[in-house]
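Take my numbering: the last position of the sequence shown gets the number 992, and nothing is skipped along the way. Glycine included, each C-beta is placed from N, C-alpha and C at the ideal position.
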Amino acid sequence: MFITNHDVTDALKEVIFFAKQNNIVDLNMIDDIEIKGNEVKVTVIFPKLDDPAVGIIYNSVVKKLKEKFGDEVKVDVKPVSEADKGKGPLAGVKNIIAVISGKGGVGKSTVAANLAVSLHKSGHKVGILDADIMGPSVPIMFGVEGQNPGVMEREGKTVMVPLENYGIKILSLGFFVQPDQALMWRGSMINNAFNQLMSDSEWGNLDFLVIDMPPGTGDIQLTLAQSYNIRGTVLVTTPQKVATADVRRAAMMYRQDKLTIPLLGIVENMAYFTPEDMPEKKYFIFGQGATDELAKELDIPILGRIPIVEKIREAGDGGAPVSLNDETPVTKSFIDVAANVLKQVETLNG
Ligand SMILES: Nc1ncnc2c1ncn2[C@@H]1O[C@H](COP(=O)(O)OP(=O)(O)OP(=O)(O)O)[C@@H](O)[C@H]1O
Ligand SMILES: [Mg+2]
643 MFITNHDVTD ALKEVIFFAK QNNIVDLNMI DDIEIKGNEV KVTVIFPKLD
693 DPAVGIIYNS VVKKLKEKFG DEVKVDVKPV SEADKGKGPL AGVKNIIAVI
743 SGKGGVGKST VAANLAVSLH KSGHKVGILD ADIMGPSVPI MFGVEGQNPG
793 VMEREGKTVM VPLENYGIKI LSLGFFVQPD QALMWRGSMI NNAFNQLMSD
843 SEWGNLDFLV IDMPPGTGDI QLTLAQSYNI RGTVLVTTPQ KVATADVRRA
893 AMMYRQDKLT IPLLGIVENM AYFTPEDMPE KKYFIFGQGA TDELAKELDI
943 PILGRIPIVE KIREAGDGGA PVSLNDETPV TKSFIDVAAN VLKQVETLNG
């Protein structure tokens, strides 16, 4: 039999990527088709290679080609990742860092915002994405509340252009929904909106995209873990034992089989209180030791400890993260976190 590229493409159009509800040809996932006699080699591009869909699509490609050309055809499927191919909408983003916690209110958004600013201060190109629909706070912290992102055409598709302030690109689920309507959003709607912020947005070239994740272990966490190539997660906790119990659960989710996303380490927020007039004093009002225990148990480093300081809250509420200020012990604590994140990422990137 004489097999043509056209015949192979036709057969591949019957292979569906269920998560994206379309076939792999129309999804532009076919990188290359090579035909030699009765040998067919197909290179398929996936968002990430540890997605369970890779195996399913692999089998489906073999099945469809054998159905079409008979059992004697030899099929070789080569899965490659978007990152390896330098393709995909997030190809210009080198490192996606997700800031997570088990519990609300521990300071995830504060840490994400100040991490973004500190990474930018050390000369990196940075974006921040607020994925918390119930309490989007990144626009407030960056002083862009009430503004709307721009739009542009990219390959025939309308995509969002992030807002920018303090040199950092910003997008938020809060741009889609009023806070009082958030409760009515179903998981699938939130996921769609999240995917738009990630993929249908013009992030351009970034060294770091910091994602402020909602607390806990819901749909968005799974979508993020399964569909995107995350360099690592930063866990935020406070020193109380109850907080570390929740964060442990969240950490374990990202460590499940097939979702192996590196945990870069823990940030202990509200670690201690230092009165302004007694900078050498540290009061451990929420206790001490639970975070160290957790770090040891998960075998990950503590990336930094952030004190409780009125200025951190004031600056966040005021639309300019405290890390934008000249160096103080507080800004230094966030710079240390950023430096440790950089160190961890460099180790991972080899
Ligand atoms: N180290 C700190 N010192 C003083 N105030 C802080 C500190 N960290 C966070 N806060 C304040 O605590 C409140 C909660 O912080 P933040 O919004 O960052 O938490 P979160 O984990 O993102 O909460 P949510 O789960 O609601 O998204 C905010 O008002 C913030 O300004
Ligand atoms: Mg938050």
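Under 7 angstroms between C-beta atoms of residue i and residue j
{"i": "Asn-756", "j": "Phe-976", "result": "yes"}
{"i": "Ala-653", "j": "Lys-706", "result": "yes"}
{"i": "Gly-744", "j": "Asp-888", "result": "yes"}
{"i": "Leu-848", "j": "Val-735", "result": "yes"}
{"i": "Phe-817", "j": "Pro-791", "result": "yes"}
{"i": "Ala-835", "j": "Leu-815", "result": "yes"}
{"i": "Val-983", "j": "Leu-905", "result": "no"}
{"i": "Met-826", "j": "Gly-958", "result": "no"}
{"i": "Asn-911", "j": "Val-748", "result": "yes"}
{"i": "Met-794", "j": "Val-803", "result": "yes"}
{"i": "Gly-931", "j": "Asp-978", "result": "no"}
{"i": "Thr-886", "j": "Leu-936", "result": "yes"}
{"i": "Glu-724", "j": "Ile-699", "result": "no"}
{"i": "Tyr-896", "j": "Ile-903", "result": "yes"}
{"i": "Leu-761", "j": "Ala-980", "result": "yes"}
{"i": "Leu-940", "j": "Ala-893", "result": "yes"}
Residue nearest to residue i in terms of C-alpha spacing, selected from the options
{"i": "Lys-710", "options": "Val-657, Val-753 and Ile-739", "result": "Val-657"}
{"i": "Val-703", "options": "Lys-662, Val-650 and Gly-744", "result": "Val-650"}
{"i": "Val-852", "options": "Gln-663, Gly-929 and Arg-873", "result": "Arg-873"}
{"i": "Ile-950", "options": "Pro-963, Val-972 and Ile-942", "result": "Val-972"}
{"i": "Val-993", "options": "Gly-829, Asp-692 and Glu-676", "result": "The shown model of the chain, from 643 to 992, leaves out residue 993, and the question about it has no answer."}
{"i": "Gly-860", "options": "Asn-837, Gly-829, Ala-885 and Ile-782", "result": "Gly-829"}
{"i": "Lys-811", "options": "Ile-770, Gln-882 and Gln-986", "result": "Ile-770"}
{"i": "Pro-917", "options": "Gln-789, Glu-952 and Val-979", "result": "Glu-952"}
{"i": "Asp-668", "options": "Gly-679, Lys-655 and Asp-674", "result": "Lys-655"}
{"i": "Gln-863", "options": "Ile-672, Leu-940, Asn-837 and Thr-886", "result": "Asn-837"}
{"i": "Gly-712", "options": "Arg-891, Glu-956 and Met-643", "result": "Met-643"}
{"i": "Ala-733", "options": "Gln-789, Asn-670, Asn-871 and Pro-778", "result": "Asn-871"}
{"i": "Ala-824", "options": "Pro-778, Tyr-808 and Glu-844", "result": "Pro-778"}
{"i": "Gly-679", "options": "Glu-714, Gln-820 and Asn-967", "result": "Glu-714"}
{"i": "Asn-807", "options": "Val-819, Gln-789 and Glu-844", "result": "Gln-789"}
{"i": "Glu-969", "options": "Gln-898, Lys-763 and Asn-670", "result": "Lys-763"}
{"i": "Gly-746", "options": "Lys-938, Val-884 and Gly-992", "result": "Val-884"}
{"i": "Gln-898", "options": "Gln-663, Pro-694 and Asn-664", "result": "Pro-694"}
{"i": "Leu-966", "options": "Val-819, Lys-727, Gly-809 and Gly-697", "result": "Gly-809"}
{"i": "Thr-727", "options": "Asn-701, Lys-938 and Asn-670", "result": "With the sequence shown as reference, residue 727 is identified as Lys, and Thr is not the correct amino acid for it. Cα-wise, what sits closest to Lys-727 is Asn-670."}
{"i": "Ile-942", "options": "Gly-846, Arg-955 and Arg-890", "result": "Arg-890"}
{"i": "Gly-846", "options": "Val-768, Asp-919 and Gln-820", "result": "Val-768"}
Nearest-angstrom beta carbon gap, residue j and residue i [assumed within contact, 8 angstroms]
{"i": "Val-759", "j": "Asp-772", "result": "Incorrect: roughly 15 angstroms between the Cβ atoms, too far for contact."}
{"i": "Ile-775", "j": "Ile-832", "result": "5 angstroms"}
{"i": "Leu-813", "j": "Leu-839", "result": "5 angstroms"}
{"i": "Phe-850", "j": "His-766", "result": "6 angstroms"}
{"i": "Ile-677", "j": "Ile-645", "result": "5 angstroms"}
{"i": "Ser-751", "j": "Asp-822", "result": "The pair is not a contact, with the Cβ atoms about 19 angstroms apart (cut-off 8 angstroms)."}
{"i": "Ser-869", "j": "Pro-689", "result": "6 angstroms"}
{"i": "Gln-882", "j": "Phe-928", "result": "5 angstroms"}
{"i": "Thr-933", "j": "Ile-948", "result": "With a Cβ gap of about 11 angstroms, Thr-933 and Ile-948 do not count as contacting."}
{"i": "Ile-672", "j": "Asn-647", "result": "Actually they do not touch by this definition, with Cβ atoms about 10 angstroms apart."}
Three CB pairs or more closer than 8 angstroms across the stretch 718-727 and the stretch 675-688
Yes, they touch.
Per the contact definition of three or more C-beta pairs closer than 8 angstroms, is the stretch 871-879 in contact with the stretch 796-807?
Short answer: they don't touch.
Is the stretch 911-928 touching the stretch 956-967, taking contact as three or more C-beta pairs under 8 angstroms?
no
Just the residues with CB closer than 7 angstroms to a heavy atom of ligand 2, in chain order, which are they?
Lys-750, Ser-751, Asp-774, Gly-777, Ser-779 and Asp-854
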